[in-house]
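Trainee:
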Amino acid sequence: MAKNKAAKPRRPRAETPRGFRDYFGAEVTNRAEMLSRVTAVYHAHGFDPLESSAVETVEALGKFLPDVDRPNEGVFAWEDDDEGWLALRYDLTAPLARVYAQHRRDLPNPYRRYAVGPVWRNEKPGPGRFRQFYQCDADTVGAASVAADAEICGMLGEALEAAGIARADYLIRVNNRKVLNGVMEVAGVLDPADPERDAARRGIVMRAIDKLDRLGLDGVRALLGAGRKDESGDFTEGAQLGEAQADVILGFMDARAEDGAGTCARLRELVGGSATGLEGVQELETIAEMLAASGAGHVVIDPSVVRGLGYYTGPVFEAELTFEILDEKGRKRQFGSVAGGGRYDDLVTRFTGEKVPATGVSIGVDRLLAALAAKGRAEAAPAGPVVVTVMDRDRMAEYQAMAAELRAAGIRAEVFLGGGNMGKQLKYADARACPVAVIEGGDEKARGVVQIKDLALGARLAANIETREDWQAQPAQMEIARGDLVAEVRAMLARAGG
RNA sequence: GCCGACGUAGCUCAGUAGGUUAGAGCACCAGAUUGUGGAUCUGGGGGUCCCCCGUUCGAGCCGGGGCGUCGGUACCA
Numbered sequence: 191m192a193k194n195k196a197a198k199p200r201r202p203r204a205e206t207p208r209g210f211r212d213y214f215g216a217e218v219t220n221r222a223e224m225l226s227r228v229t230a231v232y233h234a235h236g237f238d239p240l241e242s243s244a245v246e247t248v249e250a251l252g253k254f255l256p257d258v259d260r261p262n263e264g265v266f267a268w269e270d271d272d273e274g275w276l277a278l279r280y281d282l283t284a285p286l287a288r289v290y291a292q293h294r295r296d297l298p299n300p301y302r303r304y305a306v307g308p309v310w311r312n313e314k315p316g317p318g319r320f321r322q323f324y325q326c327d328a329d330t331v332g333a334a335s336v337a338a339d340a341e342i343c344g345m346l347g348e349a350l351e352a353a354g355i356a357r358a359d360y361l362i363r364v365n366n367r368k369v370l371n372g373v374m375e376v377a378g379v380l381d382p383a384d385p386e387r388d389a390a391r392r393g394i395v396m397r398a399i400d401k402l403d404r405l406g407l408d409g410v411r412a413l414l415g416a417g418r419k420d421e422s423g424d425f426t427e428g429a430q431l432g433e434a435q436a437d438v439i440l441g442f443m444d445a446r447a448e449d450g451a452g453t454c455a456r457l458r459e460l461v462g463g464s465a466t467g468l469e470g471v472q473e474l475e476t477i478a479e480m481l482a483a484s485g486a487g488h489v490v491i492d493p494s495v496v497r498g499l500g501y502y503t504g505p506v507f508e509a510e511l512t513f514e515i516l517d518e519k520g521r522k523r524q525f526g527s528v529a530g531g532g533r534y535d536d537l538v539t540r541f542t543g544e545k546v547p548a549t550g551v552s553i554g555v556d557r558l559l560a561a562l563a564a565k566g567r568a569e570a571a572p573a574g575p576v577v578v579t580v581m582d583r584d585r586m587a588e589y590q591a592m593a594a595e596l597r598a599a600g601i602r603a604e605v606f607l608g609g610g611n612m613g614k615q616l617k618y619a620d621a622r623a624c625p626v627a628v629i630e631g632g633d634e635k636a637r638g639v640v641q642i643k644d645l646a647l648g649a650r651l652a653a654n655i656e657t658r659e660d661w662q663a664q665p666a667q668m669e670i671a672r673g674d675l676v677a678e679v680r681a682m683l684a685r686a687g688g
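Letter by letter, the first sequence follows residues 191 to 688 of the working numbering.
Laid out in structure tokens, this is it:
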């Protein structure tokens with residue numbers, strides 16, 4: 191194909207980078223609304239807001255040592271001429287550890303703070319997985335008591351309910367890493383005298399337990415033993431536990447009983463003589479007691495919750511939504527975990543050398559929003575503003591005055607600023623789902639009246655319109671006195687809204 | 001990362017064995033309607049057929065490589 195390609199200008203492609211997205215109108219306002227409800231709960235519990243820097247030194251983020259041109263997998267990092275290696279934060283917890291270590295002399299002890307904002311992860315994105323997303327965290331630093339853990343759990347329930355999730359629609363499952371460690375001792379993969387030994391195997395065990403809901407008991411058993419081959423033929427190395435060892439772990443996961451007391455009694459048996467394990471069970475009992483006393487949300491003790499992350503040291507918990515929704519193709523979909531957290535007593539140690547106890551929760555904002563949106567799929571598109579149309583360009587000031595009057599009365603309103611005739615203006619109003627359009631031409635002006643048009647009503651009537659005459663009858667439009675503009679528009683909005 | 005499927009207009013897709021100027025529906029724009037959105041009719045704009053290399057007189061179609069999307073799996077401080 192010897193087409194003579196004249197030099198076409200190379201234009202930039204208008205596209206969001208992979209893994210990122212743009213948020214429009216209602217997505218932004220819905221999120222802001224949800225966050226303000228959630229943070230109001232945090233605030234009511236005495237937590238202070240903290241807005242820390244989005245960029246941290248790689249060193250402060252921890253665990254990642256900057257290496258020549260291969261920055262850090264997982265984070266967005268770059269080398270600054272003066273500052274060395276910097277990176278965008280990948281969560282809100284590591285920055286908290288840094289802020290606390292840096293300002294601990296001036297901060298109250300314990301320090302309770304909440305934080306909201308975007309975090310960035312340089313990972314392969316997938317459906318529902320982005321490289322920038324919002325988190326909403328609350329943490330208590332400097333309180334070793336399980337009362338702090340119980341408070342966070344209860345508060346999470348309150349926050350979910352404030353966000354619009356009914357108590358029956360979510361479930362907070364609580365467990366304790368100490369109990370798990372006790373069980374590992376019994377299974378012989380944790381030696382209290384030599385905690386480093388078998389650490390890798392314990393990691394595999396933990397992640398295997400974490401996959402119970404997806405793989406089922408058989409899948410987990412395979413991962414505890416030799417390994418598991420998935421449907422695509424890929425093989426995952428297992429923890430190489432013997433049958434008896436695996437039974438101990440599986441028994442632990444299955445220890446959930448009718449009620450918390452029953453579960454704890456079983457755990458107490460399973461943990462046997464492990465001091466750590468018994469301590470963990472004791473803590474679970476205390477948390478259950480406290481939550482029951484405070485009438486907190488929907489919380490159960492469930493030994494199958496472990497959380498994949500390695501840094502947790504005590505209570506861990508996860509909130510999941512229990513309702514199912516249908517996606518756009520009619521398939522059943524379940525929302526997994528929308529929030530999680532736990533106690534991590536070692537995070538600040540890196541900076542100060544001291545052991546500072548901390549516990550907290552993180553809500554996956556985007557996931558929770560997606561769930562709320564999916565649940566209320568029937569809800570109508572958010573209404574646009576009232577549009578004051580422009581008939582005579584030289585009377586712009588008068589139109590602006592009308593819009594200002596409406597706004598002063600608390601009604602969202604704008605003057606049409608584009609070009610084009612009446613048809614174009616109403617098309618614009620229609621596209622924005624505006625409830626009402628205001629029209630004042632020279633004719634109306636002379637008679638001291640304006641036309642107001644109920645666009646939503648018009649749309650409903652249009653369904654039954656057959657002839658052009660019906661069409662032009664404009665039943666959704668009424669003429670009112672100019673002086674009654676605010677009152678009449680308000681009344682029309684009320685009719686449309688009711 | 002690994003395994004598999006797929007990649008044609010903004011969206012959903014068709015495209016006959018490799019053969020002129022690549023199509024449809026929806027959406028968008030304009031006109032019918034000189035002051036009225038959504039119905040109807042007519043017209044219009046819009047494509048690097050994912051990219052590169054190769055085979056061929058000729059490639060949306062065939063071959064190789066790459067990229068991307070989707071599904072499964074792994075990892076996720």
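Glycine included, C-beta positions come from ideal geometry on N, C-alpha and C.
Are the CB atoms of Val373 and Gly467 nearer to each other than 8 Å?
Mentor: Yes. Within cutoff.
Trainee: Please state the DSSP three-state secondary structure of Met668.
Mentor: Of the three classes helix, strand and coil, the one that applies to Met668 here is strand, per DSSP.
Trainee: Name the two residues that bound the continuous beta strand (DSSP E) containing Gln325.
Mentor: Looking at the DSSP string, the run of the beta strand (DSSP E) that includes Gln325 is 322 to 331.
Trainee: By the three-class DSSP mapping on this structure, what secondary structure does Ile355 have?
Mentor: It is coil, neither helix nor strand.
Trainee: Would you kindly check if the distance between the Cβ of Val679 and the Cβ of Leu596 is under 8 Å?
Mentor: In this structure, Val679 lies closer than 8 Å to Leu596 by Cβ.
Trainee: Which partner residues does Asp270 have in the DSSP bridge list?
Mentor: Partner(s): Gly274.
Trainee: What residue from Cys454, Arg357, Ala334, Gly332 has the CA that sits closest to Gly344's CA?
Mentor: Of Cys454, Arg357, Ala334, Gly332, the residue nearest in Cα terms is Arg357.
Trainee: From the DSSP secondary-structure annotation, give me the bridge partner or partners of Tyr360.
Mentor: Answer is Leu511, bridged to Tyr360.
Trainee: Who are the near neighbours of Ala560 in its chain, counting only those whose CB is closer than 8 Å to its CB and skipping five residues on each side?
Mentor: These residues qualify, in order along the chain: Gly318, Phe525.
Trainee: Classify Ile601 as helix, strand or coil using the three-state DSSP reduction.
Mentor: Looking at Ile601 - three-state DSSP - the assignment turns out to be coil, as it is neither helix nor strand.
Trainee: Assuming Arg397 and Gly498 are in contact, meaning their beta carbons sit under 8 Å apart, how far apart are those beta carbons, in whole angstroms?
Mentor: Rounded, the Cβ-Cβ distance is 6 Å, consistent with contact.
Trainee: Between Tyr304 and Pro382, is the Cβ-Cβ spacing less than 8 Å?
Mentor: The answer is no: Cβ separation not under 8 Å.
Trainee: So the alpha helix (DSSP H) Ser242 belongs to, where does it begin and stop?
Mentor: Neither: Ser242 is in no alpha helix (DSSP H) and is coded neither H nor E.
Trainee: Less than 8 Å between the C-beta atoms of Ser527 and Glu510, yes or no?
Mentor: The answer is yes: Cβ separation under 8 Å.
Trainee: For Met682 and Val626, what's the separation of their Cα atoms in angstroms?
Mentor: The straight-line gap from Cα to Cα measures roughly 8 Å.
Trainee: Whole angstroms is fine: what's the gap from Pro261's alpha carbon to Trp268's?
Mentor: Here Pro261 scores only 44 on pLDDT, less than 50, and its place in the model should not be relied on; the value that follows carries that caveat. If I take the Cα positions, the gap works out to 7 Å.
Trainee: May I ask you to report which of helix, strand or coil DSSP gives Gly632?
Mentor: Of the three classes helix, strand and coil, the one that applies to Gly632 here is helix, per DSSP.
Trainee: Would you say Arg602 and Val580 are within 8 Å of each other, going by their C-beta atoms?
Mentor: Result no, Cβ atoms of Arg602 and Val580 do not sit closer than 8 Å.
Trainee: So if DSSP puts Ile553 in a beta bridge, which residue, or which two residues, is it bridged to?
Mentor: DSSP output for Ile553 lists Cys326, Ala529 as bridge partner(s).
Trainee: Inspect the beta-carbon positions of Leu562 and Ala353 and report whether they are closer than 8 Å.
Mentor: Yes. Within cutoff.
Trainee: Under DSSP, the alpha helix (DSSP H) around Val376 begins and ends at which residues?
Mentor: 367 to 377 is the span of the alpha helix (DSSP H), which, as asked, contains Val376.
Trainee: Does the separation of the CB atoms of Gly209 and Arg321 fall below 8 Å?
Mentor: Cβ distance < 8 Å, so Gly209 and Arg321 count as in contact.
Trainee: Rank Val555, Leu350, Ala594, Met586 by C-alpha distance to the C-alpha of Gly608 and give the top, closest one.
Mentor: Measuring from the Cα of Gly608, the nearest candidate turns out to be Met586.
Trainee: So, does the region 470 to 478 touch the region 377 to 395, judging by three or more C-beta pairs under 8 Å?
Mentor: At 8 Å Cβ cutoff, the stretches do not touch.
Trainee: Roughly how many angstroms separate the alpha carbons of Val289 and Asp424, rounded to a whole number?
Mentor: About 43 Å.
Trainee: Would you tell me roughly how many angstroms separate the C-alpha atoms of Arg685 and Lys635, rounded to the nearest one?
Mentor: Those two C-alpha atoms are separated by around 26 Å.
Trainee: If we ignore side chains and look at the alpha-carbon of each, how far apart do Arg650 and Gly687 end up?
Mentor: Going by the C-alpha atoms only, they are around 14 Å apart.
Trainee: Let me confirm a value: Ala204 is counted as buried when at least 16 other C-beta atoms fall within 10 Å, else exposed. Which label applies?
Mentor: Exposed: under 16 other Cβ atoms inside 10 Å.
Trainee: Tell me, please, whether the region 664 to 680 touches the region 636 to 646 by the rule of three or more beta-carbon pairs shorter than 8 Å.
Mentor: Touching, per the Cβ criterion.
Trainee: If we count Cβ pairs, one from each stretch, closer than 8 Å, do we get three or more for the region 228 to 243 versus the region 304 to 314?
Mentor: Judged by Cβ distances under 8 Å, the region 228 to 243 makes contact with the region 304 to 314, as three or more pairs qualify.
Trainee: Quick check: what's the CA-CA separation for Pro199 versus Ala216?
Mentor: Low local confidence applies: a pLDDT of 48 at Pro199 is under 50, so the model's placement there is unreliable, with the coordinate-based value given in what follows. In a straight line, the C-alpha of Pro199 is about 36 Å away from that of Ala216.
Trainee: Would you mind working out which of Gly600, Val605, Gly574 sits nearest Tyr589, comparing C-alpha positions?
Mentor: Ranking Gly600, Val605, Gly574 by Cα distance to Tyr589 puts Val605 first.
Trainee: Just to confirm, is the Cβ distance from Ala447 to Leu460 under 8 Å?
Mentor: No. Outside cutoff.
Trainee: If you draw a straight line from the alpha carbon of Pro493 to that of Pro285, how long is it in whole angstroms?
Mentor: Roughly 30 Å between the two C-alpha positions.
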